[in-house]
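One structure is given below, encoded as structure tokens.
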Amino acid sequence: PNKNPSLTFRVGTFIPAARLNRLKRVLVDWLVYGPELQQSRIPAMRSSLVLRSTIAIVFLCSLTFEAGLVAIAQEPLKVLLSPGVTQVEAAAAVRTLQADGSVELPSILNALREAPSESRNWLLSLAQSIADRNPEAARPVLRSLVEAPNENADARYWAVDFLTRGHPSAREGMLDKMINDPCLELRYEAIDQRLARLKQAGEAMSADQRVKALGELLNAARLPAQTQDIAKQLEELGTKTDLLRHFGFVAQWQVVGPFENSGQSGFDVGYEPEKQYAQGALRFQEELAGKEKQVAWRKASTASADGAVDLNAVFDHAKGAVVYAHTEIRSPKELACEIRVGTPNAIKVWVNGTQVVGREVYHTGWQLDQYVASVRLNSGVNTVMLKVCQNEQTEDWAQDFLFALRFCDETGFRVDLATE
Numbered sequence: 122p123n124k125n126p127s128l129t130f131r132v133g134t135f136i137p138a139a140r141l142n143r144l145k146r147v148l149v150d151w152l153v154y155g156p157e158l159q160q161s162r163i164p165a166m167r168s169s170l171v172l173r174s175t176i177a178i179v180f181l182c183s184l185t186f187e188a189g190l191v192a193i194a195q196e197p198l199k200v201l202l203s204p205g206v207t208q209v210e211a212a213a214a215v216r217t218l219q220a221d222g223s224v225e226l227p228s229i230l231n232a233l234r235e236a237p238s239e240s241r242n243w244l245l246s247l248a249q250s251i252a253d254r255n256p257e258a259a260r261p262v263l264r265s266l267v268e269a270p271n272e273n274a275d276a277r278y279w280a281v282d283f284l285t286r287g288h289p290s291a292r293e294g295m296l297d298k299m300i301n302d303p304c305l306e307l308r309y310e311a312i313d314q315r316l317a318r319l320k321q322a323g324e325a326m327s328a329d330q331r332v333k334a335l336g337e338l339l340n341a342a343r344l345p346a347q348t349q350d351i352a353k354q355l356e357e358l359g360t361k362t363d364l365l366r367h368f369g370f371v372a373q374w375q376v377v378g379p380f381e382n383s384g385q386s387g388f389d390v391g392y393e394p395e396k397q398y399a400q401g402a403l404r405f406q407e408e409l410a411g412k413e414k415q416v417a418w419r420k421a422s423t424a425s426a427d428g429a430v431d432l433n434a435v436f437d438h439a440k441g442a443v444v445y446a447h448t449e450i451r452s453p454k455e456l457a458c459e460i461r462v463g464t465p466n467a468i469k470v471w472v473n474g475t476q477v478v479g480r481e482v483y484h485t486g487w488q489l490d491q492y493v494a495s496v497r498l499n500s501g502v503n504t505v506m507l508k509v510c511q512n513e514q515t516e517d518w519a520q521d522f523l524f525a526l527r528f529c530d531e532t533g534f535r536v537d538l539a540t541e
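Okay, so the sequence shown: first residue is 122 according to the working numbering, each after it adds one.
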């Protein structure tokens, strides 16, 4: 506004009632008589229709925009907490709050608890600017935040950054107590710090001491790459690890196929196993019409540390193929958890008849926990059905036909379930 007053918006401007009512009548006239004008062969009348529609659209947009400006000016924090808030709205609300010197850090941190994902980074940016104004006042607030493990993980990680900025020894001291922290970034960093110390200790630490320390870190680790690194170090010291169980992979399956997927045509085709599953009655003893011949259900399993079930080994490197996999798992109680699956192939996943994953992507690489969905397991038996699709690419890097699936909590720790 100071640089170009002509661009200044008048927030909260009111339109006189008489003028507003007249404009409303124009809109009503257009809505009522518009279809007749549109059919008219008189150019002037058609031009009138275009003009009226343009005026109506501009008027409605201006009212909407002005209403948005008023809302942002009057209740900017409420705007940030609104589901579906746009980036433009969030940015404007943050600027309004930044200009308000009375906004306090605790109110912004409290807002983070219920903020939609679209607003969280904006709120953290706002918290940063408020804390920078008065670092001494911010520090006790942020220490309390760090010590509250159930608070927002992103906010707690930012708080650690703020409190230890320029003080690496202070950060090390904080991280010493965080190898089991629910914030995965802090947990990862804390474990990494311990691993670095183990490496520095060298021969000053006995093999038994090292195994004990690594075992503690293995139990704490959640992210796959770090977990695998710790397991490798334990193996080098002669201690076996069971990553299949550590991650909670489902290892036992029934599979059937191949069905038609030439030209990637089968992803949305419901073949017989899919139809039977939707009806809640898979008939495992029944032969089915496959891509080239009759096919039957058979067992498939994995002992691989990465949980991968190799479908190439079961179906002789089938190409242009759809394969179904099914298992039943038993939960000791009703349980909210996550299902995580990795595959280089197109895949659909159902749990208890409800589709929870659907990705028609081929050979862009794969990793553990590639696709994640929240699910609720029933107490007792739960069914899991997969549809895994292989295309016809011939490149060496496009030959894998596999999947790895597990159930875990939101931190990545396994949920102990029995396979039926």
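Where a beta carbon is used, it is the ideal one built from N, C-alpha and C, also for glycine.
Limits of the beta strand (DSSP E) - the one that H447 falls within | Per DSSP, H447 belongs to the beta strand (DSSP E) from 442 to 452.
Sheet register partners of I460 (DSSP bridge) = A494, F528
By Cβ distance, which residues of its chain are closer than 6 Å to V493, with the 5 residues on each side in sequence left out?
-> E459, R461
When you compare only the Cα positions, how much space is there between Q330 and T362?
-> C-alpha separation (whole angstroms): 17 Å.
Of all the alpha helix (DSSP H) runs that stay within the bounds of the segment 265 to 291, which reach a length of 4 or more residues?
-> For the alpha helix (DSSP H) assignment, the uninterrupted runs of no fewer than 4 residues enclosed by the segment 265 to 291 are, from N- to C-terminal side, 274 to 285.
Which class does K320 belong to by DSSP, given the choice of helix, strand or coil?
-> Correct three-state label for K320: helix.
So what's T217 in DSSP terms, helix, strand or just coil?
-> helix
Along the alpha helix (DSSP H) that carries N433, what are the first and last residues, could you check?
-> 432 to 436
Is it true that the CB of A252 sits closer than 8 Å to the CB of L244?
-> Between L244 and A252, the C-beta gap is not smaller than 8 Å, which leaves the two residues out of contact.
Does the pairing of the segment 432 to 450 with the segment 517 to 530 give three or more beta-carbon distances under 8 Å?
-> In short, these stretches touch, since the Cβ pair count reaches three.
Give a yes or no on contact between the segment 393 to 407 and the segment 349 to 367, applying the rule of three or more CB pairs nearer than 8 Å.
-> no
Evaluate contact between the segment 475 to 494 and the segment 403 to 421, counting only Cβ atoms and requiring at least three cross-stretch pairs below 8 Å.
-> no
Where does M299 sit, in a helix, a strand or coil, going by DSSP?
-> coil
May I have the straight-line CA-CA distance separating G555 from A467, to the nearest angstrom?
-> Because the chain spans 122 through 541 in this model, residue 555 falls outside it and cannot be assessed.
In this structure, does DSSP put T348 in helix, strand or coil?
-> Three-state result, T348: helix.
Which word fits G387, buried or exposed, when buried means at least 16 other C-beta atoms lie within 10 angstroms of its C-beta?
-> Burial of G387 is indicated by the presence of at least 16 other C-beta atoms within 10 angstroms of its C-beta.
CB S495 to CB S452, shorter than 8 Å?
-> no
Is any beta-carbon of chain C found at less than 8 Å from that of R318?
-> The displayed structure is made up of one protein chain only, and chain C is not part of it.
Collapsed DSSP secondary structure at A378 in the structure displayed = The sequence as given places Gly at residue 378; Ala does not occur at that position. Reduced to three states, the DSSP call for G378 is strand.
Please find out if some non-hydrogen atom of the ligand ADP comes closer than 7 Å to the beta-carbon of A276.
-> No copy of the ligand ADP appears in this structure; indeed no ligand is present at all.
Express the C-alpha separation of A402 and T475 in angstroms, rounding to a whole number.
-> 15 Å
Rounded separation between E381 and A426 - CA only = 31 Å
Give the range of the beta strand (DSSP E) segment to which K469 is assigned.
-> 467 to 472
Burial state of V153 (16 or more Cβ within 10 Å) = Residue confidence for V153 is low, a pLDDT of 40 falling below 50, so the modelled location carries little weight and cannot support an answer.
Count the C-beta pairs between the segment 337 to 355 and the segment 308 to 318 that are closer than 8 Å, then say yes if the count reaches three, no if not.
-> yes
Is it right to say K353 is buried, meaning 16 or more other beta carbons lie within 10 angstroms of its own, or is it exposed?
-> Classification for K353: exposed.
Evaluate E481 with the Cβ neighbour count: other Cβ atoms within 10 Å of its Cβ, from every protein chain shown; 16 or more gives buried, anything less gives exposed.
-> exposed
Coil, strand or helix - G479 by DSSP = strand
Who are the near neighbours of E513 in its chain, counting only those whose CB is closer than 6 Å to its CB and skipping five residues on each side?
-> In chain order, K440, G441 place their CB closer than 6 Å to the CB of E513, counting only its own chain and leaving out the 5 sequence neighbours on each side.
Cα-Cα separation, L198 to A274 = 20 Å
Anticipated Cβ contact below 8 Å, L498 with V470, distance rounded | Not confirmed; about 14 Å, so no contact.
Is it true that the CB of L226 sits closer than 8 Å to the CB of A211?
-> Result no, Cβ atoms of A211 and L226 do not sit closer than 8 Å.
Alpha carbon to alpha carbon, how far is L284 from R264?
-> 8 Å
Kindly indicate which residue of H484, L538, T348, E407 has the alpha-carbon position closest to the one of E546.
-> Here the chain comprises residues numbered 122 to 541, so residue 546 is not present and cannot be evaluated.
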